[in-house]
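Note that this note's numbering numbers the sequence shown so that position 365 is 495, with each residue one more than the last. Think of the CB as a built atom: it goes at the ideal place given N, C-alpha and C, for glycine as much as any other residue. The model shown is predicted, which means the values in this text are computed figures rather than measured ones.
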Amino acid sequence: MTENWESIHKDFKYEYYQKLWIEQGFNYQFTQEWKETLGKGFKPESDWAFCVWLRDEKHLSSHEVQQQGNLEILKTEYQKVWTDTHPDFAEKEYSGSKTNQQHWEEAGLTYQDAQAWILINFGPNDHWVVKDWKYHSFTPQQVQDWKDIGLDEDNYEFAVYLRYKGHQPSPDLNLEKLEKEFHIVQNYLDTIFPKKKREEIAKLDISRKNLTGSLDLNDFVNLERLNCSDNQLSHLYLTNYNKLIEIKCSSNKLKAINFPEQVEKLTILDIRNNNFPKQDLSLFSHLVNLKELKIGNDHRAKTKQGIYNRFSGSLKPLQNLSQLYELDISNTDIDSGLEYLPDGVEDFWCSTKKMPDAKVKAIKEEWEYFNKDLKKCKEFNGSARKWLDEKYSEKKRKEQNELNISYEEINKYEKEENKKIKLKGGLRLKGFTNLKRLNCSNHQLTDLDLSDCYSLIKFKCEGNELKDLNFLKPLAKLEELRVQNNQKLSDKNLNFSIPLINLEELDLSDCSLKGSLKPLENLTKLELLNISNTDIKEGLEYLPESVKNFYCELDYQYGSVEIAKELSKFSEGTNEESGHTKYNLDKWRTDKANHLTASAAPLERLFVIRGNFKQFINKWRKPANDDWFDKLEKFITKQKDQSTDPELNNELSQLQSPKELWRNRWAIYGTQFVGRGAAAVGAFLTFQDQGTIGGGILAVYPFAELIVSNLDERLRGKENKWNEFLTDIDVFLDNYHELLAVTKSIKIGELGKINKAFKNLQEKVDVFLEEHDQSDENGIKNGEIDLEELVVKRIELAQSLDNKESKLWEIVNAMQSLESQVIAYRQGVDIEEVVLDKQKSQLIQKTKTDEYSKQPNVFHNWKDKIKQTTTNWGNWINSKTKGPKAKDAEEISEATQEWFIIFPNLNPQEDLGFILWLRDKKSQEIENFANPRWIKEKIATEELELNELRKEYQEELTSKARIIINIDNEQGSSTASLISSRADLLNRFQQEEIELQNQQQAQIIQLQPFGIPGSSKK
131 MTENWESIHK DFKYEYYQKL WIEQGFNYQF TQEWKETLGK GFKPESDWAF CVWLRDEKHL
191 SSHEVQQQGN LEILKTEYQK VWTDTHPDFA EKEYSGSKTN QQHWEEAGLT YQDAQAWILI
251 NFGPNDHWVV KDWKYHSFTP QQVQDWKDIG LDEDNYEFAV YLRYKGHQPS PDLNLEKLEK
311 EFHIVQNYLD TIFPKKKREE IAKLDISRKN LTGSLDLNDF VNLERLNCSD NQLSHLYLTN
371 YNKLIEIKCS SNKLKAINFP EQVEKLTILD IRNNNFPKQD LSLFSHLVNL KELKIGNDHR
431 AKTKQGIYNR FSGSLKPLQN LSQLYELDIS NTDIDSGLEY LPDGVEDFWC STKKMPDAKV
491 KAIKEEWEYF NKDLKKCKEF NGSARKWLDE KYSEKKRKEQ NELNISYEEI NKYEKEENKK
551 IKLKGGLRLK GFTNLKRLNC SNHQLTDLDL SDCYSLIKFK CEGNELKDLN FLKPLAKLEE
611 LRVQNNQKLS DKNLNFSIPL INLEELDLSD CSLKGSLKPL ENLTKLELLN ISNTDIKEGL
671 EYLPESVKNF YCELDYQYGS VEIAKELSKF SEGTNEESGH TKYNLDKWRT DKANHLTASA
731 APLERLFVIR GNFKQFINKW RKPANDDWFD KLEKFITKQK DQSTDPELNN ELSQLQSPKE
791 LWRNRWAIYG TQFVGRGAAA VGAFLTFQDQ GTIGGGILAV YPFAELIVSN LDERLRGKEN
851 KWNEFLTDID VFLDNYHELL AVTKSIKIGE LGKINKAFKN LQEKVDVFLE EHDQSDENGI
911 KNGEIDLEEL VVKRIELAQS LDNKESKLWE IVNAMQSLES QVIAYRQGVD IEEVVLDKQK
971 SQLIQKTKTD EYSKQPNVFH NWKDKIKQTT TNWGNWINSK TKGPKAKDAE EISEATQEWF
1031 IIFPNLNPQE DLGFILWLRD KKSQEIENFA NPRWIKEKIA TEELELNELR KEYQEELTSK
1091 ARIIINIDNE QGSSTASLIS SRADLLNRFQ QEEIELQNQQ QAQIIQLQPF GIPGSSKK
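In structure tokens form, the structure reads like this:
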């Protein structure tokens, strides 16, 4: 049965630990038993000594120790044996390490050894020296004898040599001479490694032995690893050692190495700090399996003595060492060939610290320049660099202001295709410090280094295989950049462009670029931008306003199609040179600004507020119905004041406050009291035989009482009117404050008709606020109009109701103007104008450039489109009046009849288009426009005016007619004849509106009321 020592403890995988137990008489079974006795804390490296003490001194077996159950007491007693020998056996070399006792035990030394060696002045920390003396069969007394004649306590190998030569410890020995003989490497080997043991040795470490001469490892036939570093060896013979894996022979005086004939297994070679003569690296070219190669110099003292490796030339001989991952050529004269280094090299040392003048400095500078990136170094040391170095000297580079090394330019005189040059890899334009224009287009360049070209203004590198554009960051002066058709770019965004603040033209077409246009937002000088056929799909809003020439192709293979779709309404045709579509960004910006404000504008609430304003104005600006008393009062006041101002006579101007009415009431009550008193006097006189006087007085009394009663009734009417005014003005203020909140809450842009209309409304609302918001005692306004403030200023308000140019009327007109602009935008009027302008300009352009004959269908298609539109509208009208089914015709007839019943003044033949416009188009703004009864109610309350609606309809009709007529004038009368009548125009426009209803509906945003809760009041 195979003995599995690791089943006892995992550390028994080391044979040395097994050997320790076996040499002390513990076989596999005994070791297993002692492990069970000692428990979980069992340590294979040191517990063997404790078990020896238990067995030899205590005469205990493992079973007896278990039976006694006093293991901890025995451990304490055993440790005391060591500390009694020397207290420092309980000490540790440093925190966390093992005690000196444990080190002795791991070295295979028992407490008896400690007692014997301590007696001859070896210390508790000399365990390794004691181990070596004991290994070579020296007793403590013999060691003491050699020490007595001058040997150091650690010079056990010299003692072995002396014993091997038959010398005994004696003061007459010439130790200096004998030691030199011993340090000859072959003498050393013969002494320490007897020939009968050499075949067993796979690893030989003879470093730091001060050995001299030539090393010939005769008879070490199974040697795999050799370390002979830090000696003074002059030559190394390894011809027959084909099993060698590792050779470390640094810091010697080697001038040559005879490598084995078969070196397939050799993976590590360290020959630093030797004395190899000047030569290239061909010496190592056949060592194809090397993983580590160290041939540099880092020993300052030896270099001062002239002892150092003199390797020089290129790294090219190492190009086939495909397994190499560590290379040291520090302080040598190797000065080129970075491009030949194997790709697997991870640790590369090329220091010049110990020899500053070493030629390896050139490699060091390049290595550090590329941030120790081997891949980058190799890329920039390819054919492109070689071509550039051959054509442009250092002096010539400084003189260049313009450099054209495009494929076409450098091959323009070469007729044979196979001889034409194509630059590949990376290209560093080192030394071109005055270069302003560069063209390196249509090669296979993967990267560029333009850090020396800081004066560059124009740069073209289209048609290459560039991996990224980060190399552009130093070019702050660049004005023109064309990198189109670089389809291997890995950039995820346009951040490379952020430093290029002076760019005026940028062509990124057909590049594999992604992301947004946002990084371009600070390029305020940019005028031309081409992103056709890229994956840049967003960020139009970030482009600076300086961009006037913008190109983007509508190709669904690329992400940039999203931008092209957004701009499709603003196309200006195709650029003849590039073949890419150009767009008008100014028109897009205007449309965008309109869209943002139109989307945010609460159209329905604005319409209601405007209606409420008009209802308030119309109600309170009506002429006052003066009775005889009012007329008398006005006459007296006018005569008294001799006023020449025009008389203000509307409902609001005639209002009286409760205070004013109270004075009138006292006059009425006084008159009534006096009248009743007079009646009493008349009655009294009548009874006192003064019938004539008394009867006269009594006759007047009923008339006085009647007047008083009428005055009192009139006064109560004025009080009711005042209360009605308070209610109306409260509703008015609610609506005004809601409108104020709307104007403050929507961000207004600078572009577009809608923004201008909104800004105009905002200004009018603010002016009204400024006039009527009164300051408090501290001179501070609260930003609102209080009811009391408007009541106090009711006369000024009354004057503004009659004045069509007053601030209140300006608000109403501004609201109506804004509503018209928003409605027009939501219905697509502005967009349609842009589209028609585009089609018109395309037709004109084709006529002017004589291309009509090449594309004869363009104009005819346009005529056919108008003709078809007219036909479709006629069919649609017929379907509305006749219909394919009797039921549909009946329903249409009843619906149409309802409009003409409600509005008897409408003409069924002339006003059909107007009715359809109200019902089918105007109802998209406010749904109730489809209901004629609702329209009639609003007209009755003066919230709507039929003539104003008809005027709006005529304006829209005229606007569209003007567009088509202008196009017809450009193209001839043949198109105009298709829409020669007003009815034809109406048909065409309304048919288009029906076709676009779904799109328009999607643009209408359902909005919520703004401002204070009073906004719901009518």
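First and last residue of the uninterrupted beta strand (DSSP E) at residue i
| i | result |
| --- | --- |
| F589 | K588 to K590 |
| D465 | D463 to S466 |
| S444 | S442 to S444 |
| I377 | E376 to K378 |
| G169 | Neither: G169 is in no beta strand (DSSP E) and is coded neither H nor E. |
| E635 | E635 to D637 |
| E456 | E456 to D458 |
| E422 | E422 to K424 |
| E702 | S701 to T704 |
Local Cβ density within 10 Å of residue i, reported as buried at 16 or more and exposed below that
| i | result |
| --- | --- |
| I915 | buried |
| W258 | exposed |
| E145 | exposed |
| E136 | exposed |
| S1111 | In this prediction, S1111 has a pLDDT of 42, which is less than 50 and means its spatial position is unreliable; what the coordinates show is noted afterwards. The residue in question, S1111, is exposed, as its Cβ has fewer than 16 Cβ neighbours within 10 Å. |
| P301 | exposed |
| P986 | Confidence in P986 is poor, its pLDDT being 42 and thus under 50, which makes the residue's placement too unreliable to answer from. |
| L624 | buried |
| K886 | buried |
| L557 | buried |
| S875 | exposed |
| V490 | buried |
| Q614 | buried |
| Q672 | Looking at the sequence shown, residue 672 is not Gln but Tyr. Under this definition Y672 is an exposed residue. |
| T873 | buried |
Closest by C-alpha distance to residue i, when choosing among the options
| i | options | result |
| --- | --- | --- |
| K678 | K655, I248, E283 and C507 | K655 |
| P486 | R430, K712, Y537 and E496 | R430 |
| N1156 | K205, K851, S676 and I739 | Residue 1156 cannot be examined here, being either before or after the span of the chain that is shown, 131 to 1148. |
| V921 | I859, I493 and W939 | I859 |
| N865 | R735, V952, K883 and I910 | R735 |
| G703 | D214, L684 and E692 | L684 |
| K333 | N531, E1073, T342 and F323 | F323 |
| D473 | N461, K877, L448 and H416 | L448 |
| N511 | Y522, W497, S523 and L1042 | W497 |
Residue interval of the alpha helix (DSSP H) (run including residue i)
| i | result |
| --- | --- |
| F896 | According to the sequence shown, residue 896 is Asp rather than Phe. It spans K883 to H902 - the alpha helix (DSSP H) in which D896 sits, taken as one unbroken run. |
| Q198 | S192 to Q198 |
| W151 | E145 to E153 |
| L319 | V315 to I322 |
| R740 | L733 to W750 |
| D400 | Unbroken run through D400 is the beta strand (DSSP E), I398 to D400; no alpha helix (DSSP H). |
| R1063 | P1062 to A1070 |
Identity of the residues DSSP links to residue i by a beta bridge
| i | result |
| --- | --- |
| F406 | According to DSSP, which records beta bridges pairwise, F406 is partnered with nothing at all. |
| F414 | None, per the DSSP bridge assignment. |
| K646 | The question names Lys, but residue 646 in the sequence shown is Ser. Answer is E668. |
| S344 | H365 |
| N387 | The residue you asked about is not Asn; residue 387 is Ile in the sequence shown. DSSP, once it has assigned bridges, lists L366 as partnering I387. |
| N600 | Partner(s): none; N600 has no beta bridge. |
| K222 | T229 |
| Q574 | K554 |
| D335 | N357 |
Rounded Cβ spacing between residue i and residue j (contact assumed at less than 8 Å)
| i | j | result |
| --- | --- | --- |
| E456 | E422 | 4 Å |
| Y241 | T269 | With 8 Å as the limit, Y241 and T269 do not qualify as a contact, their Cβ atoms being about 17 Å apart. |
| N748 | G882 | Incorrect: roughly 32 Å between the Cβ atoms, too far for contact. |
| T576 | K597 | 6 Å |
| D275 | P254 | Not a contact, Cβ separation roughly 23 Å. |
| Y426 | S460 | In the sequence under discussion, the amino acid at residue 426 is Gly, which differs from the Tyr named in the question. That belief holds up - the Cβ atoms of G426 and S460 are roughly 4 Å apart, short of 8 Å. |
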